[in-house]
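Novice: Start counting the sequence shown at 0; every next residue gets the next number (numbering that gives the first Met the number 0). C-beta: ideal position from N, C-alpha, C; glycine also.
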Amino acid sequence: MEDLKDARVLVTGSDGFIGSHVVEELVRAGAKVKAVVLYNSFNSWGWLDTVSADIMKSVEVIAGDIRDPHFMISAAAGCTDVMHLAALIAIPFSYAAPDSYVETNVRGTVNVLQAARHAGVRRFVQTSTSEVYGSAQFVPIKESHPLVGQSPYSASKIASDQMALSFHASFDMPVVVVRPFNTYGPRQSARAVIPTIISQIASGKRKIRLGAVSPTRDFSFVTDTARGLIAGLTAPAEQSVGQTINLGSGFEISVGATASMIAEVMQAELEIETDEARLRPANSEVERLWADNSKARQQLGWSPEFGGLDGMRRGLEKTAQWFMDPANLARYKADVYNV
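This is how it looks when you write it as structure tokens:
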């Protein structure tokens, strides 16, 4: 990744799960990073507070909010590229607060796009989500699959992606839409299924409370997702700009089978209880997700290091090991369902 040696990359959502891993990978690739974290009175930088001092030497942290267009224009000044990850992502909370998802995911994205356009960046990576496809109408899911907003969250992300692509069409902005399937790994919020299971086992529980266990997912380990997003930054323009590209392991597994594999990895006997609060409304549940990742392989030169059954087991081992560290586990409320 020689082309990142002169890069100054603005990363929105850098305080989050995937964003903090992207910051680490960018610095390892030689880039300087301007990291946007959500302003708060605790002066918390989210997961960046746990990143090594060696990495943080190459990171300038600025606190603000993507919903403020003026803040975003000043944040993007002097940056060569933008990686846009900031978003509200919890599906259950989108039922409770859909307006917040429009404000952050749609209006916020427009602000980041306008700021990037103002700065004249050479590449803008828009982070999408497999949730925009809804339940698979065919598998594996290609990028041409219809977009179906089955939750306010997914609808807001469809709008966000389309805004980014419209800036490519309207203003020739060098936009790449990278669409990760379900990412998991160290630092993930416990509202996601894998950390929900691992954190409950790690805190001594053997009756695990879950929502639906029949839906299938294509789980990607977080370093694979981070590498794929960065590949969207570094791939030749003719192979990536104006494109939407899936990132996934190319492997499908049910939530129930995932719970069994975690139990095996953590050497625990589990009993699963259905928690009504964790169930999505019937027409909003995405029953099946399975990525066709051939475009990412061909056009980004990316492939998963944690693909298939074996890769998932290795990824779960790494994730469980991280959660078993008491300092990490202490950050989670295993007793509380976090929407």
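#1: Need the endpoints of the alpha helix (DSSP H) that Lys-156 sits in, please.
#2: Just confirm the distance between the C-beta atoms of Glu-270 and Arg-205, as a whole number of angstroms; I'd bet it's less than 8 angstroms.
#3: CA-CA distance, Asp-14 and Gly-63?
#4: Among residues of its own chain, excluding the 5 on either side of Pro-97, which ones have a beta-carbon nearer than 7 angstroms to its beta-carbon?
#5: Can you list, in chain order, the residues of its chain with a C-beta nearer than 6 angstroms to that of Ser-134? Leave out the 5 residues immediately preceding and following it.
#6: Give the range of the alpha helix (DSSP H) segment to which Glu-237 is assigned.
#7: If you scan the stretch 49–126 from start to end, which runs of the beta strand (DSSP E) of 3 or more residues do you find wholly inside it?
#8: Less than 7 angstroms between the C-beta atoms of Ala-339 and Ser-202, yes or no?
#9: Who are the near neighbours of Val-21 in its chain, counting only those whose CB is closer than 8 angstroms to its CB and skipping five residues on each side?
#10: According to DSSP, is Pro-179 part of a helix, a strand, or is it coil?
#11: With burial defined as no fewer than 16 other Cβ atoms inside 10 Å of the residue's Cβ, what is the status of Glu-1: buried or exposed?
#12: Could you please give me the residues that DSSP links to Gln-313 through a beta bridge?
#13: For Thr-49, does the count of other Cβ atoms within 10 angstroms reach 16, so buried, or fall short, so exposed?
#14: Could you check where the alpha helix (DSSP H) with Asn-327 kicks off and where it finishes?
#15: Work out the CA separation of Ile-200 and Val-175 for me, nearest whole Å.
#16: With DSSP as the reference, label Ala-290 as helix, strand or coil.
#17: Would you mind giving the Cβ-Cβ distance between Gly-307 and Phe-250, rounded to the nearest angstrom? I have them listed as a contact below 8 angstroms.
Specialist: Result, derived from the coordinates:
#1: Working through the sequence shown from its first residue, we reach residue 156 at position 157. Start and end: 151–170.
#2: Stepping through the sequence shown from its first residue, residue 270 is reached at position 271. Stepping through the sequence shown from its first residue, residue 205 is reached at position 206. Indeed, because the Cβ distance is near 6 angstroms, the residues count as touching under 8 angstroms.
#3: Residue numbering aside, residue 14 sits at position 15 when the sequence shown is read from its first letter. Residue numbering aside, residue 63 sits at position 64 when the sequence shown is read from its first letter. Going by the C-alpha atoms only, they are around 11 angstroms apart.
#4: Your numbering for residue 97 matches position 98 in the sequence shown. Cβ neighbours of Pro-97 beyond the five flanking positions: Pro-151.
#5: Your numbering for residue 134 matches position 135 in the sequence shown. Excluding residues within five positions, the ones whose Cβ falls inside 6 angstroms are Val-285, Glu-286 and Arg-287.
#6: By 1-based counting over the sequence shown, the position of residue 237 is 238. 236–239 is the extent of the alpha helix (DSSP H) around Glu-237.
#7: 58–63, 80–83 and 122–126
#8: Past the boundaries of the shown model lies residue 339; the chain is included only from 0 to 338, so the question cannot be answered.
#9: One-based indexing of the sequence shown puts residue 21 at position 22. So the qualifying residues of the chain are Val-10, Ser-13, Met-82, Leu-84, Ala-225, Leu-228 and Ile-229.
#10: One-based indexing of the sequence shown puts residue 179 at position 180. Strand, per DSSP.
#11: One-based indexing of the sequence shown puts residue 1 at position 2. Caution is warranted here: a pLDDT of 47 is assigned to Glu-1, below 50, making its placement in the model unreliable, and no coordinate value can be reported.
#12: Here residue 313 refers to the residue found at position 314 of the sequence shown. Contrary to the premise, residue 313 reads as Arg rather than Gln in this sequence. DSSP output for Arg-313 lists no bridge partner at all.
#13: Here residue 49 is taken as the residue at index 50 of the sequence shown, counted from 1. Thr-49 comes out exposed.
#14: Here residue 327 is taken as the residue at index 328 of the sequence shown, counted from 1. Segment 325–328, the alpha helix (DSSP H) holding Asn-327.
#15: Counting from one through the sequence shown, the residue named residue 175 turns up at place 176. Counting from one through the sequence shown, the residue named residue 200 turns up at place 201. Approximately 39 angstroms between the Cα atoms of the pair.
#16: Here residue 290 refers to the residue found at position 291 of the sequence shown. Strand at Ala-290.
#17: For the purposes of this step, residue 307 is taken as residue 308 along the sequence shown, with counting starting at 1. For the purposes of this step, residue 250 is taken as residue 251 along the sequence shown, with counting starting at 1. Confirmed, about 5 angstroms.
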